[in-house]
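Student: Heads up, the sequence shown is in the UniProt record's numbering, so the first residue is 1 and it goes up one at a time.
Backbone N, C-alpha and C fix where the C-beta goes; we use that ideal spot for every residue, glycine too.
Below is one structure. I have some questions about it.
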Amino acid sequence: MDVGRRSCTENTRTQILNDSMAWSDDPNGAKVYWMNGMAGTGKTTIAFSLCKRLEAAGQLAASFFCTRTSRECSEAKRIVPTIGYQLARRWAPFRDALCGVLDRDPDVGTLHTSSQFDLLLVKPLMECKELIPGNLVIVIDALDECSDPHTVEIVLDILFRYAANLPVKFFVTSRPEPTIRNSMMLGIAECNRQHSILYLHEIEKSLVQADIELYLKDELKHMLPAHCNEIEELAEQAGNLFIYAATAVRYIQDRKAVNPRQRLKTILEVDKRSQKSMFGIDVLYSTILSAAVHDATLEPEEQACIQVVLRTSVCACEPVLISTLAALSGLDETHLAASALEPLRSVLHISEHNSFVTTLHASFPDFMFSQERSQEYFCDRTVHDQFLAARCLEIMRAQLRFNICGLESSFALDNEIPNLDDQVKAHVSPELCYTGRFWADHLTQGAATDELLNAVEDFLSYRLLFWMEVMNLTKSMIAASVAATKVHVWLRVSGNIRLRN
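What follows is the structure, encoded as structure tokens:
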């Protein structure tokens, strides 16, 4: 999935990256390196750049980049199995040791995270530690973006329990969220061993701003030297937030921008007027959204279209195709959503490869879901999830039907049907795939209304089995089971005894 990651600009963040590489090579160095920093300080970009350096040096053991924009990558329970899989792909001695573990305990995938850590990582690593390099590093980025804080605590607990004796090191990044910080500090205290901690937001501001200025001058080099002073001023306004600089660059260089120099001037002027009442990144986000929504050439209907596409994008449970975004937003044509996305490219990522849409940075949904910060652009998640639940049920009402793929027999096993995957792609639309997996998430996060209850009753009465067929065809039966449980709980809380039973 393309989520728009990139490496650090050349000659920026050099001290951090050099120190991290030196730590990785030091046989006496700490086993766990925790780099934490506020949202937008560049943690993921640094981690991605470090991975590239480690890969080039033959030191990258495995990596897991957590992100809210992907359901799979936001589940902490996937971290350990993914790391085990990557280690097995990269190192034959580990693969042989892991195969031995799986032969003895083939059901390890069903076990608790702590047991998985022991069986999938600790035992194979200890068995092959003499046969693999001694300076391997496992990178885990953005732990704070995992959806299950309790599992994150478990991962950190077992990490500190075993790290000292393992033949690999761990590079971990996160925001300084209380639960993560407490687990980290407790682990360090209990281990009574040296661990490396870097507070990214506490690095001397002048050093960070120098890097941001280098980045801005590289990205906006076509505006030099005429606007050198303005770019230096923009770097100063960014403070220590690389996301501010990156978002400003996307806004200034937007492909629909007629006058990039005027856009740079707008950012500088608006920030000066508003910096006392709002955070810098909030000012920038508000400026971008104001330009997108309040364009004088837009009709009121077009402004409303941009608003609903924007809110649907930040509430979506995973990156979605533009066609799916249009369907979820209640738009009749895909091109309407595509047009609405154009002025939002500074805050949303639209993949050029496959047209998937997602947020560029976790700080943007944070902004959108805070009424105090986003003000007129506030997205009330409860209200919009209620809207999305209704849209999901409507899409399923329109598209679900018996034997959706037109299979000749219902008695044949899936693996006996030739070209089944191709038939599924041809008959099950991307929006039906999404709504089938996530309608329950939107339903349970929104408020119960009579209209929603009636739609759920209609679904359960007439389309439940058709939905189960689609979930089976798309290999999503585990998600179906989770959805059914969520809906049952939602009905119980809503007090609808008839539907609940």
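According to DSSP, is Trp34 helix, strand or coil?
Tutor: Note: Trp34 maps to strand in three-state DSSP.
Student: Apply the 10 Å Cβ neighbour rule to Asn11 and answer buried if 16 or more other Cβ atoms are within range, or exposed otherwise.
Tutor: That one is exposed.
Student: Under 8 Å by Cβ, that's how I've got Val80 and Leu111 pegged, so tell me the actual separation to the nearest angstrom.
Tutor: Rounded, the Cβ-Cβ distance is 10 Å, inconsistent with contact.
Student: Leaving out the 5 sequence neighbours to the left and right, which residues in its chain are closer than 7 Å to Cys73 when beta-carbon positions are compared?
Tutor: If we look at Cys73 and ignore the five residues flanking it on each side, its Cβ neighbours are Phe65, Cys66 and Thr67.
Student: So who's on the other strand from Leu321, going by DSSP bridges?
Tutor: Phe356, per the DSSP bridge assignment.
Student: What separation, rounded to the nearest whole angstrom, lies between the Cα atoms of Ile140 and Pro300?
Tutor: Roughly 45 Å between the two C-alpha positions.
Student: Assuming Asn36 and Ser147 make a contact with CB atoms under 8 Å, what is their CB distance in whole Å?
Tutor: That pair is no contact at about 19 Å.
Student: Buried or exposed for Glu431, please, with buried defined as at least 16 other CB atoms from any protein chain shown within 10 angstroms of its CB.
Tutor: Per the 10 Å Cβ criterion, buried.
Student: So, for Ser363: in the same chain, excluding its five sequence neighbours on each side, which residues have a beta-carbon less than 7 Å away from its beta-carbon?
Tutor: Here the set comprises Ala39, Gly40, Ile243 and Ile281.
Student: Skipping 5 residues on each side, what residues in its chain have a beta carbon closer than 6 Å to that of Cys8?
Tutor: Excluding residues within five positions, the ones whose Cβ falls inside 6 Å are Thr45 and Ser49.
Student: With H, G and I counted as helix, E and B as strand and the rest as coil, what does DSSP make of Phe402?
Tutor: Coil, per DSSP.
Student: Closest to Ser429 by C-alpha separation, out of Leu443, Glu451, Ala248 and Leu321, would be which residue?
Tutor: For Ser429, the nearest C-alpha among the options comes from Leu321.
Student: Secondary structure at Ala62, three-state DSSP: helix, strand or coil?
Tutor: Correct three-state label for Ala62: strand.
Student: Going straight from the alpha carbon of Met218 to that of Ala291, what length do you get?
Tutor: Per the sequence shown, the amino acid found at residue 218 is Asp instead of Met. So the alpha carbons of these two residues sit roughly 25 Å apart.
Student: Just verifying my parser: in three-state terms, what is the DSSP assignment at Thr435?
Tutor: Reduced to three states, the DSSP call for Thr435 is helix.
Student: Between the segment 440 to 459 and the segment 370 to 390, can you find at least three pairs of beta-carbon atoms closer than 8 Å?
Tutor: Yes: the two stretches touch, three or more of their Cβ pairs being nearer than 8 Å.
Student: By DSSP, does Val137 sit in helix, in strand, or in coil?
Tutor: DSSP places Val137 in strand when its eight states are reduced to three.
Student: Using the Cα positions of residue 567 and Asp254, report the straight-line distance between them to the nearest angstrom.
Tutor: Outside the displayed range of the chain (1 to 501) lies residue 567, so it cannot be described from this structure.
Student: Could you tell me the alpha carbon to alpha carbon distance between His227 and Thr247, rounded to whole angstroms?
Tutor: Each residue's Cα considered, the two are about 18 Å apart.
Student: What do you reckon, are the CB atoms on Ala484 and Gly436 nearer than 9 Å?
Tutor: Against a cut-off of 9 Å, the Cβ pair of Gly436 and Ala484 comes out as no contact.
Student: List the DSSP bridge partners of Val168.
Tutor: Val168 pairs with Leu136.
Student: Helix, strand or coil, according to DSSP, for Ser277 in the structure here?
Tutor: Because Ser277 carries a pLDDT of 41, less than 50, the predicted location of this residue cannot be relied on, and no value is offered for it.
Student: Sort out for me which residues DSSP pairs Leu173 with in a bridge.
Tutor: The amino acid occupying residue 173 in the given sequence is Thr; Leu does not appear at that position. According to DSSP, Thr173 bridges with Met35.
Student: Could you tell me the alpha carbon to alpha carbon distance between His488 and Arg95, rounded to whole angstroms?
Tutor: In a straight line, the C-alpha of His488 is about 42 Å away from that of Arg95.
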